[in-house]
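Protein chains in written order, with my numbering: chain H, 2 to 209; chain B, 2 to 209. Reading through the structure tokens given below for one structure.
Pasting the structure below:
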């Protein structure tokens with residue numbers, strides 16, 4: 002199991018401080034979508050340069066031009082790129098092609114996929130590395146939780162590994178750990194903590 | 002009708018040159034998704050500063066955190082931001098909230114929406130400005146064309162205006178102009194032309 006810290010709301014300097022203070026407890030640094038929108042691939046390059054041993058995920062949520070867009074991320078040093086499960090098969094195939102070319106990895110973000118079991122079975126055949134269930138930030142207020150979705154994906158996958166994102170925090174991580182996932186993504190619970198480094202360490206301590 | 006040039010594959014300097022040479026024929030400069038992935042909001046700021054009279058669209062294809070991500074784009078000077086039609090209603094509502102706060106506009110990109118008429122009717126009630134039919138770059142090779150989708154959207158919309166994107170070129174623009182759309186997006190046909198400025202002017206000449 003790996004802890005992925007989704008860095009959405011911090012400045013680049015704050016991200017670098019966090020990763021320095023918690024080196025060892027965060028295995029994957031996610032340059033979140035809002036961070037990409039603001040800064041492009043600059044944070045990917047900076048984090049990779051400062052922490053060559055931490056994997057960097059570019060949360061680009063690719064929806065089209067799969068190979069072209071993934072190429073740009075891998076060129077910048079990203080280890081993992083995200084593509085949307087709601088995108089066309091040809092787009093996911095393009096991202097996989099790019100990843101194989103660079104020797105890197107693909108995560109499919111299943112956010113807002115309507116038939117999760119069906120789409121998971123399809124995507125699982127496409128050579129992707131991770132299939133990530135994801136309760137959208139914008140719907141977390143309804144109380145929806147990604148654990149049930151994780152169970153669905155874990156029952157279906159034969160090739161890819163599962164990942165989980167969407168409001169995971171110290172109070173909910175144990176149930177996820179028990180269900181099982183290769184990557185557990187935590188965003189707000191770390192970024193908005195009073196002591197971010199201590200929270201990352203506490204979360205890491207719960208993983209198996 | 003407005004011509005939107007999708008700037009996906011050019012450098013920032015090439016974009017600025019293109020807009021200088023064609024000033025008057027391109028009404029909306031689109032900072033394309035690959036450009037955002039590479040550079041963030043830097044091209045939005047640069048184009049808006051150099052050409053205050055050209056509208057700038059940030060093709061962010063927002064899928065979550067609608068208000069937060071749109072805020073970042075409008076802060077950078079974008080006049081129009083895109084959100085995906087496949088995203089949750091709450092996400093589109095967040096982008097609309099942001100746009101109203103800044104006095105800017107929202108385009109919903111209907112790429113990969115499965116039931117186009119149904120989703121168009123829903124999105125048309127949400128206070129968005131444009132609903133854009135969009136044949137994905139990754140599926141244009143199959144020969145699919147956005148004209149049929151445009152007809153569907155034009156029959157459904159009561160509040161928003163229609164837009165069209167996906168492989169539009171000089172040979173296909175007349176049929177689109179005759180069907181009618183407020184915004185016609187042209188990418189490769191301009192960016193890959195031998196004489197980009199001449200091509201943009203020729204396309205503009207076909208609009209009504």
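Glycine residues also receive a C-beta, built at the ideal position from the N, C-alpha and C atoms.
Margin query: According to DSSP, simplified to helix, strand and coil, what is residue 163 (chain B)?
Written below: In the second chain, residue 163 (chain B) corresponds to position 162, counting from 1. Secondary structure of residue 163 (chain B) (DSSP, three-state): strand.
Check: Looking at the structure shown, is residue 152 (chain B) part of a helix, part of a strand, or coil, going by DSSP?
Finding: The residue labelled residue 152 (chain B) in the question sits at position 151 within the second chain. The answer is helix: DSSP assigns residue 152 (chain B) an H, G or I state.
Check: Between the beta-carbon of residue 19 (chain H) and the beta-carbon of residue 55 (chain H), is there less than 8 Å?
Finding: Taking the first chain and counting its residues from 1, the one referred to as residue 19 (chain H) is at position 18. Taking the first chain and counting its residues from 1, the one referred to as residue 55 (chain H) is at position 54. Residue 55 (chain H) is positioned such that its CB atom lies no closer than 8 Å to that of residue 19 (chain H).
Margin query: Going residue by residue through the segment 90-159 of chain H, where are the continuous beta strand (DSSP E) segments of at least 3 residues, counting only ones entirely within it?
Written below: Taken in chain order, the complete beta strand (DSSP E) segments of 3 or more residues contained in the segment 90-159 of chain H are 106-110, 131-135.
Notebook entry, point to check: Name the DSSP beta bridge partners of residue 61 (chain B), please?
Noted result: Walking along the second chain from the start, residue 61 (chain B) turns up at place 60. Answer is none; residue 61 (chain B) lacks a bridge partner.
Check: In three-state DSSP terms, what is residue 79 (chain B)?
Finding: If you number the second chain from 1, residue 79 (chain B) lands on position 78. Looking at residue 79 (chain B) - three-state DSSP - the assignment turns out to be coil, as it is neither helix nor strand.
Margin query: Taking 7 Å as the limit between beta carbons, can you name the residues of its chain near residue 77 (chain H), skipping five residues before and five after?
Written below: Position 76 of the first chain holds residue 77 (chain H). For residue 77 (chain H), where only same-chain residues beyond five positions count, the Cβ hits under 7 Å are 42, 45, 46.
Check: Once you ignore the five residues that flank residue 80 (chain H) on each side, which residues in its own chain have a CB closer than 6 Å to its CB?
Finding: Taking the first residue of the first chain as position 1, residue 80 (chain H) is located at position 79. Excluding residues within five positions, the ones whose Cβ falls inside 6 Å are 56, 57, 105.
Margin query: Counting beta carbon pairs with one atom in the segment 24-38 of chain B and one in the segment 59-78 of chain B, are three or more of them shorter than 8 Å?
Written below: By the C-beta criterion, the segment 59-78 of chain B is judged to be in contact with the segment 24-38 of chain B, since at least 3 inter-stretch pairs fall below 8 Å.
Margin query: Using CA atoms only, rank isn't needed, just tell me which of B:15, B:64, B:11 is closest to residue 87 (chain H).
Written below: Numbered from 1 along the first chain, position 86 holds the residue referred to as residue 87 (chain H). Residue B:64 is the option with its Cα nearest to residue 87 (chain H).
Checklist line | Proximity winner among B:159, B:163, B:143, relative to residue 152 (chain B) (alpha-carbon distances) | finding: The residue labelled residue 152 (chain B) in the question sits at position 151 within the second chain. For residue 152 (chain B), the closest C-alpha among the options B:159, B:163, B:143 is that of B:163.
Notebook entry, point to check: For the segment 94-112 of chain B, which residues have a CB atom closer than 9 Å to at least one CB atom of chain H, in sequence order?
Noted result: Sequence-ordered contacts of the segment 94-112 of chain B with chain H read 94, 95, 110, 112 [C-beta pairs closer than 9 Å].
Note to self: Can you look up residue 27 (chain B) in the DSSP assignment and give me helix, strand or coil?
What the structure shows: Residue 27 (chain B) sits at position 26 when you count from the first residue of the second chain. Strand.
Note to self: Within 10 Å of its beta-carbon, does residue 156 (chain H) have 16 or more other beta-carbons around it, so buried, or fewer, so exposed?
What the structure shows: Locating residue 156 (chain H) in the first chain gives position 155, counting from the first residue. Classified as exposed, residue 156 (chain H) has fewer than 16 neighbouring CB atoms from the shown chains inside 10 Å of its CB.
Next item on the list: Run the CB neighbour count on residue 53 (chain H), radius 10 Å, all protein chains shown included, and call it buried at 16 or more, exposed below.
Entry: Translated into positions along the first chain, residue 53 (chain H) becomes position 52. It is exposed - the Cβ of residue 53 (chain H) has fewer than 16 other Cβ atoms within 10 Å.
Note to self: On the DSSP letters alone, give me the boundaries of the alpha helix (DSSP H) that residue 21 (chain H) sits inside.
What the structure shows: To locate residue 21 (chain H), count along the first chain from 1; it is residue 20. Unbroken alpha helix (DSSP H) run through residue 21 (chain H): 13-22.
Next item on the list: Name, please, each residue of chain H whose Cβ falls closer than 8 Å to the Cβ of residue 89 (chain B).
Entry: Counted from its first residue, the second chain places residue 89 (chain B) at position 88. Proximity of chain H to residue 89 (chain B) at the Cβ level (cut-off 8 Å) is accounted for by 113, 137, 139, 140, in chain order.
Check: Between B:140, B:71, B:150, B:146, which lies nearest to residue 67 (chain H) when the distance is taken from Cα to Cα?
Finding: Residue 67 (chain H) sits at position 66 when you count from the first residue of the first chain. The residue with the shortest Cα to Cα distance from residue 67 (chain H) is B:140.
Check: For the segment 181-200 of chain B against the segment 116-135 of chain B, are there 3 or more C-beta pairs whose distance is under 8 Å?
Finding: Between the segment 181-200 of chain B and the segment 116-135 of chain B, the count of C-beta pairs closer than 8 Å reaches three or more; the two stretches touch.
Item checked: Coil, strand or helix - residue 170 (chain B) by DSSP -> Taking the first residue of the second chain as position 1, residue 170 (chain B) is located at position 169. Correct three-state label for residue 170 (chain B): coil.
Next item on the list: Compare the beta carbon distance of residue 148 (chain B) and residue 174 (chain B) with 8 Å and say whether it is the shorter of the two.
Entry: Within the second chain, numbered from 1, the residue matching residue 148 (chain B) stands at position 147. Within the second chain, numbered from 1, the residue matching residue 174 (chain B) stands at position 173. Going by beta carbons, residue 148 (chain B) and residue 174 (chain B) fall outside the 8 Å limit.
Margin query: By the 9 Å beta-carbon criterion, what residues does the segment 144-155 of chain H contribute toward chain B?
Written below: Among the residues of the segment 144-155 of chain H, none has a Cβ less than 9 Å away from any Cβ of chain B.
Next item on the list: Could you spell out the range, first to last residue, of the beta strand (DSSP E) harbouring residue 3 (chain B)?
Entry: Locating residue 3 (chain B) in the second chain gives position 2, where the first residue counts as 1. Taken as a continuous stretch (DSSP letters only), the beta strand (DSSP E) holding residue 3 (chain B) covers 3-8.
Notebook entry, point to check: CB-CB under 6 Å to residue 112 (chain H), same chain, minus the five flanking residues each way: which ones, in chain order?
Noted result: Taking the first residue of the first chain as position 1, residue 112 (chain H) is located at position 111. So the qualifying residues of the chain are 135, 137.
Note to self: So residue 57 (chain B) contacts chain H; which residues on that side make the cut at Cβ distance below 7 Å?
What the structure shows: The residue given as residue 57 (chain B) occupies position 56 in the second chain. None at all; the shortest Cβ gap to chain H is about 14 Å.
Check: Just how far apart, CA to CA, sit residue 23 (chain H) and residue 36 (chain H)?
Finding: Numbered from its first residue, the first chain carries residue 23 (chain H) at position 22. Numbered from its first residue, the first chain carries residue 36 (chain H) at position 35. In this structure, the alpha-carbon of residue 23 (chain H) lies about 20 Å from that of residue 36 (chain H).
Next item on the list: Would you mind reading off the limits of the alpha helix (DSSP H) that contains residue 191 (chain H)?
Entry: If you number the first chain from 1, residue 191 (chain H) lands on position 190. From DSSP, the alpha helix (DSSP H) with residue 191 (chain H) extends over 189-192.
Next item on the list: Identify each residue in the segment 17-45 of chain B for which the Cβ-Cβ distance to at least one residue of chain H is less than 8 Å, and report them in chain order.
Entry: Along the segment 17-45 of chain B, the positions whose C-beta sits under 8 Å from a C-beta of chain H are 34, 35, 37, 38, 39, 40, 41, 42, 43, read in chain order.
Next item on the list: Just the chain B side, please: which residues come within less than 9 Å of residue 64 (chain H) by C-beta, in chain order?
Entry: On the first chain, position 63 is the one that residue 64 (chain H) refers to. Those are 34, 62, 64, 85, 87, 110, 112, 113, 137, listed as they occur along chain B.
Margin query: Does residue 204 (chain B) come out as helix, strand or coil in the three-state DSSP assignment?
Written below: Locating residue 204 (chain B) in the second chain gives position 203, where the first residue counts as 1. In the structure shown, residue 204 (chain B) sits in a helix (DSSP, three-state: H, G or I).
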